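There are 2 protein chains.
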Amino acid sequence: MTKAMGRFAPRIHNDVDARSPKSVARVHSYTRPLRRDLSAAIASARVAIESLSPSVDVGRFAVKRSVGQPLVVEADVFMDGHDQLGVHLLWRAADEQTWNRVPMQHLGNDRWGATFQANRIGLHEFTVEAGLDRFASYREDLRKKQEAGVDISLDAQEARQWLRGCLKRACNRLGRSRALQQEAQRTLEVLQSAAAAETLAYLSSPAAQSLMEGTVAWEFMVRLPAVPLRVERRAASFAHWYELFPRSQSGSVRRHGNFDDVIERLPAVREMGFDVLYFPPIHPIGMTNRKGRNNSLVAQADEPGSPYAIGSEEGGHDAIHPQLGTLEDFRRLIAVARHHDIEIALDFAVQCSPDHPWLRAHPQWFAWRADGSIRYAENPPKKYEDIVGVDFYARIAEGGDAARTLWLALLDVVLFWVKEGVRTFRVDNPHTKPLPFWEWLIAQVQERYPEVIFLSEAFTRPKMMYRLAKLGFTQSYTYFTWREHKQELSDYLNEISCPPVSDFFRPNFFVNTPDINPRFLQVSGRAGFLIRAALASTMSAVWGMYSGFELCEASAVPGKEEYLDSEKYEIRAWDWRRPGNIVAEVTVLNRVRRENPAFHRQEGIRFHRADNDQILMYTRATPERDNVVLIVVSLDPFAEQGANMELPLWEFGLADDGVLQVEDLLHGYRFEWQGKNQHISLSPEHPYSIWRLSSRP
Amino acid sequence: MTKAMGRFAPRIHNDVDARSPKSVARVHSYTRPLRRDLSAAIASARVAIESLSPSVDVGRFAVKRSVGQPLVVEADVFMDGHDQLGVHLLWRAADEQTWNRVPMQHLGNDRWGATFQANRIGLHEFTVEAGLDRFASYREDLRKKQEAGVDISLDAQEARQWLRGCLKRACNRLGRSRALQQEAQRTLEVLQSAAAAETLAYLSSPAAQSLMEGTVAWEFMVRLPAVPLRVERRAASFAHWYELFPRSQSGSVRRHGNFDDVIERLPAVREMGFDVLYFPPIHPIGMTNRKGRNNSLVAQADEPGSPYAIGSEEGGHDAIHPQLGTLEDFRRLIAVARHHDIEIALDFAVQCSPDHPWLRAHPQWFAWRADGSIRYAENPPKKYEDIVGVDFYARIAEGGDAARTLWLALLDVVLFWVKEGVRTFRVDNPHTKPLPFWEWLIAQVQERYPEVIFLSEAFTRPKMMYRLAKLGFTQSYTYFTWREHKQELSDYLNEISCPPVSDFFRPNFFVNTPDINPRFLQVSGRAGFLIRAALASTMSAVWGMYSGFELCEASAVPGKEEYLDSEKYEIRAWDWRRPGNIVAEVTVLNRVRRENPAFHRQEGIRFHRADNDQILMYTRATPERDNVVLIVVSLDPFAEQGANMELPLWEFGLADDGVLQVEDLLHGYRFEWQGKNQHISLSPEHPYSIWRLSSRP
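Note that the protein sequences, when read in sequence, are chains A and B. Here the first sequence is numbered in this note's numbering, starting from 1 and rising by one per residue. Here the second sequence is numbered in this note's numbering, starting from 1001 and rising by one per residue.
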């Protein structure tokens, strides 16, 4: 359907038709039902379209999908009376002019649905268009009346009259295809002398259907404003992160590690199955108020300081700490990593050591105190003496452009590293920086490089965490680290794996970080590390670990969640083959994830009944259910636990005594389970099992 | 707070600030996050406001409340960092310029709440405004640091500096109140020499708080677009409807009843406790294709026809059927009814008999067929031979004004009866007329007469039924008539008695109508009538019956839901004291409703456990729980039913063995219940009980 030829010209009701998106709404654009004048009322939408899904805050933020992932769109569509509706799903990339159209099917109860799949990354949009389909209405009315034995000659005459009008207008229209014109002309001749039954037969023919679609627009056409859709690359939604401090990779506490040492570690990282290698900041480290070992306020002369105290006379956010290597060394690292199918992720931490070059070059970007000193970063009464924050709204009241130049400088920092080949950033504490800054920065970067991924480190309140995801962050750290019990784990997973949350929020389950040495792991021993690795890797499509986890490292500052002798403040050396390590188990977990598409998306997790609070049982499945994996994990690192469990045979269309084919994905053998009630027992040595299930032998 | 004196001028982010509402959005106004230029980004909302409630389709439609009913408003409000937020609820009537402000309280997890109560009927609006409260931030930072034993002298100096700047600007401002100026001046002098502790003490004082509220605006102020709120009179949400055919009120089938006969019936109607008396159409009835007894296609000469075939040579929608009386008689009826505290409700049925004067005067308002005949109303293959529908979009394509004049004529019909004192209309089949027509018509009427009530007779699919409520209908008929089982009744009640539905939809539970002689009642006998009356009157704040119900009339056309010898097609005479009637029981039910505020709103119903599928047990409560009523109904009209039931003692703060004071509202005596587990037994003779519960003797 292209142009109006029906009774009315199509009236597209589209309050925010933004083909070339320029404007930005700052808050939800609520609208109000008000007095309206009569003409506006007559011209307003006769067809109601409601409850479009998916949609994040009614289209204020983009829905997220990865490339190749089908998007199921649904909406309620209805109008007065008994006429037939036509409903289309419209979608396009933001840089395209024409819409792709997909007919929507009536699913019952006025709900309509259709599916499409975007095959490019970047911003897209979709919407729903509906109207009164006069052609289908004539056809259905005639059919119903004929079936009821009612005389349809007058109705058929009216249908022919209407059809002839449509086709004549179509024939007269310039720019119509020759073939269509001939078809219309032929049809006009046929209709001239058609009887009622012939008319109905013609209306019911595929030829008529396709001729109508090419020439006659629906009446009372309504289109919703488009909903934005961000299509991202697969690594946005399926990835394996590994974090390490480059300076700790020399194998000796006496030599500062460098990028070449990291290059030597790459094969081992890849063999474990990780594909994103993330470093804390790699920039020059300030001297003023440098932190010493275990976060002490005074550093000894030979202590390296915290890499989060960014900037010294050797440079700021776009420089490399000299002991790590040169920019050339960094480029070589990126290249070798790419060869190993590993992506390097950098840390973007918007803060400065007091020695950062920006303090002298751009004092207006910082908050100075009444006594002329600089304001340190603080969360009253806490104070971070080795860093100062920037003032995102510097001199705004005075009309100066300090804020503008600061925001641009920060964007330049990100773009600098993007140009050096970095496509993934972990962002430090985004919740303490203004929301509009992130929405602007991420949009700016992704407009130029839609493949760039931002991981939000927002260990903060739930609504702020979600808001950051809505306004652009690709992935987010989560509360997983502190969820240890059966009910809280399944509640949390159900929340983040279903709409509305799964439409904008992508969890990255880190089992530990340099800032979080979980209390559970401090006491659990090796079994606890196996449990947490199994949970994170099978519950979240993106998961990660901070190096040392695979060695079951758990030494803590007493009474705190901090690592003892943390790499944040000193150089460490590690024996990567340390006895008791779980490298082999992690390797298997990552292999199982890669080989089973059920793990490649966050949706599709379902919890099942196991009659022991220490045993968690869940399945992951692809939408087509051609890959269904059952995971059973014991939460007890100290004792054997058993449970009667209920296999979800009904989900396979099997009776309660049906037979399920099972493949043990950890050990490779196969067996059968008959009947839905089974028992399992898990020991601290082998606290989890993973099985692929199928109803077919 | 009135004007900006802070660091920044307040930036009100308000995409749809409609003080004098003119425009109307036709579909949801979705907005899109797009590339934005830097200045716009810096100026955009730093404070996030999300999930405002209540709100119907994100402000597209008005929230409904009755006058004097408190409105609880909540929203998620948060921003980056650790500063203090200020949050206000703003509300006003649509004809007011200035907002009423109510400080919102933090409820936890970034949720804020406040309550207001509109005391006028008509359109209102409300919204939420938030900003960074610099004053509170200084105060809290100083307090936390002092508590932690940190030196606050520099912080206090900065706070004083900021305060002095604010106050100086306030003093210089023209139009400031003299008292405020003096207070500011005094404060400036005090601050000049204040020490840190004094500064904190001053910041914490009520005097400072009130001085600041009058002089210093929040920074980064954000306001959501306003949400419309329709405040209606109490009868919109609490009423008792009674329907009768005036022509059947003479007491004899041989004399056509008239308005004077109705006047004689008024005391009886009022004594039963009804306050709305509704008539099917009272207009002249057409002769062409007039329907005979029991919907027969041909009427005898003396048959009166269906009052829904509106219009004859004696007039149309603004005329009165001559045999009912004159306009003078009607006015007298209205006046006497008012004296009895009864409101007369008319039927608004947009359809015409072929003899309606409009067909000759305005042929362009109707759809004519190819053979020159008129198109009768139809739902293919069904056809209604005695009525023709109007064409709401007549001649639109040709640019004519037929549609305009038709819509205005229909509005004039309603306004005509409004001017005659009618304030309540039952609208026939609104779902077969265009949605924009109703939104326009109701807005036009209520703009002039905000007290007018429209009841939607939309026995159609759920989403259409709800949409009609959203766009303005005050009340709606429901699916109650067909809900007979325990689970379906409680599911339905839970759906319609909670947000989002209860924010826009008001059920009117009719136990029967001239079109619905429920199958349950056709076989249930008197007990069934008692059951349905008890359910309707205790489940819905608005309920109604069609006369004859109280006589347990159930004669049906065999195999149909139609009454035999229906008053729709003939005059009937009734013995209002017929043996076996349930007038006394209905009277008591209506009295109990009136005396107990728990019945005066739809919200506040809760279902409780009774271990018999034939026994329904629920409570209704006021928000303050100062009136809690327990209703137990047997659904079985044929046999005695018993159930163990669980009294919700915990809702009264009582232990499981606590004592509840009970007053039997049907029979007036009092007793005590000890312990949560009790047994009840109900017989077909007494199929329900109603008790007022209290924990205090």
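By construction, the Cβ of each residue, glycine as well, lies at the ideal position given by its N, Cα and C atoms. Remember, predicted model here, so these are calculated numbers, not experimental data.
Considering only the alpha carbon of each residue, which of 502(A), 490(A), 536(A) and 483(A) lies closest to residue 520(A)?
483(A)
Helix, strand or coil, according to DSSP, for residue 1032(B) in the structure here?
Reliability of the predicted coordinates at residue 1032(B) is poor, the pLDDT of 33 falling under 50, and the value obtained from them is presented with this limitation in mind. Of the three classes helix, strand and coil, the one that applies to residue 1032(B) here is coil, per DSSP.
The stretch 442-471 of chain A: positions lying closer than 8 Å to chain B by Cβ:
443, 444, 447, 461, 462, 463, 464, 467 and 471
7 Å is my cut-off, CB to CB: does residue 1353(B) come that close to chain A?
no
Measure the CB-CB distance between residue 1564(B) and residue 1573(B) and report whether it falls below 7 Å.
no
Output, in sequence order along the chain, the residues in the stretch 150-161 of chain A whose CB is closer than 8 Å to any CB in chain B.
150, 154, 157, 158 and 161
Which runs of the alpha helix (DSSP H) spanning at least 4 residues fall entirely within the stretch 1259-1283 of chain B, listed in chain order?
1259-1271
When the Cα of residue 570(A) is compared with those of 228(A), 49(A) and 247(A), which residue comes out closest?
247(A)
Does residue 1086(B) come out as helix, strand or coil in the three-state DSSP assignment?
strand
For residue 609(A), which residues from the same chain have a beta carbon less than 6 Å from its beta carbon, with the 5 sequence-adjacent residues on both sides left out?
646
How far does the beta strand (DSSP E) with residue 1419(B) in it reach, from first residue to last?
Here residue 1419(B) belongs to no beta strand (DSSP E); instead the alpha helix (DSSP H) covers 1402-1419.
Going straight from the alpha carbon of residue 1630(B) to that of residue 1496(B), what length do you get?
19 Å
Using a beta-carbon distance below 7 Å, is residue 1042(B) in contact with chain A?
yes
Beta-carbon neighbours of residue 38(A), restricted to chain B and to distances below 8 Å
1404, 1407, 1408 and 1440
Name, please, each residue of chain B whose Cβ falls closer than 8 Å to the Cβ of residue 326(A).
Under the 8 Å cutoff, chain B gives no residues; its nearest Cβ is about 33 Å from residue 326(A).
Going by alpha carbons, who is nearest to residue 1062(B) out of 1074(B), 1124(B) and 1652(B)?
1124(B)
Counting C-beta neighbours from all protein chains within 10 Å, is the total for residue 671(A) 16 or more, i.e. buried, or is it exposed?
exposed
Let me know if residue 1477(B) comes out buried or exposed under the rule of 16 or more other beta-carbons within 10 Å of its beta-carbon.
buried
Contact list for residue 500(A) against chain B, beta-carbon separation under 7 Å
Chain B residues near residue 500(A): none, gap ~11 Å exceeds 7 Å.
Please confirm if residue 1667(B) has its CB atom under 7 Å from at least one CB of chain A.
no
Using 8 Å for Cβ pairs, my map puts residue 1715(B) next to residue 76(A). What's the rounded Cβ distance?
For chain B, the structure presents residues 1001 to 1697; residue 1715(B) sits outside this window and is missing.
My output table needs one value for residue 1660(B): the three-state DSSP class, helix, strand or coil.
strand
Between the C-alpha atoms of residue 288(A) and residue 363(A), what's the straight-line distance to the nearest angstrom?
17 Å
Alpha carbon of residue 400(A) to alpha carbon of residue 1448(B), nearest angstrom
52 Å
As assigned by DSSP and simplified to three states, the class of residue 1470(B)
helix
Quick check on this structure: which residue in 1379(B), 1204(B) and 1073(B) has the alpha carbon closest to the alpha carbon of residue 1228(B)?
1073(B)
May I ask you to report which of helix, strand or coil DSSP gives residue 1342(B)?
coil
Apply the 10 Å Cβ neighbour rule to residue 32(A) and answer buried if 16 or more other Cβ atoms are within range, or exposed otherwise.
With a pLDDT of only 33 at residue 32(A), under the threshold of 50, the placement of this residue in the model should not be trusted; the figure read from the coordinates follows. Buried, by the Cβ-count rule.
One or two residues paired with residue 103(A) in a DSSP bridge:
88(A)
Round the Cβ separation of residue 1279(B) and residue 1346(B) to the nearest angstrom and send it over; I've been treating them as touching at under 8 Å.
6 Å
Rounded straight-line distance, which links the Cα of residue 427(A) to that of residue 1118(B)
47 Å
Secondary structure of residue 56(A), DSSP reduced to three states:
strand
Would you mind listing the beta strand (DSSP E) stretches within the stretch 1553-1631 of chain B that are 3+ residues and don't spill past its ends, in chain order?
1605-1607 and 1615-1621
Cβ pair residue 183(A), residue 211(A) closer than 7 Å:
yes
DSSP three-state call for residue 1307(B): helix, strand or coil?
coil
With contact counted as at least three CB pairs below 8 Å, one residue from each stretch, are the stretch 606-622 of chain A and the stretch 486-493 of chain A in contact?
yes
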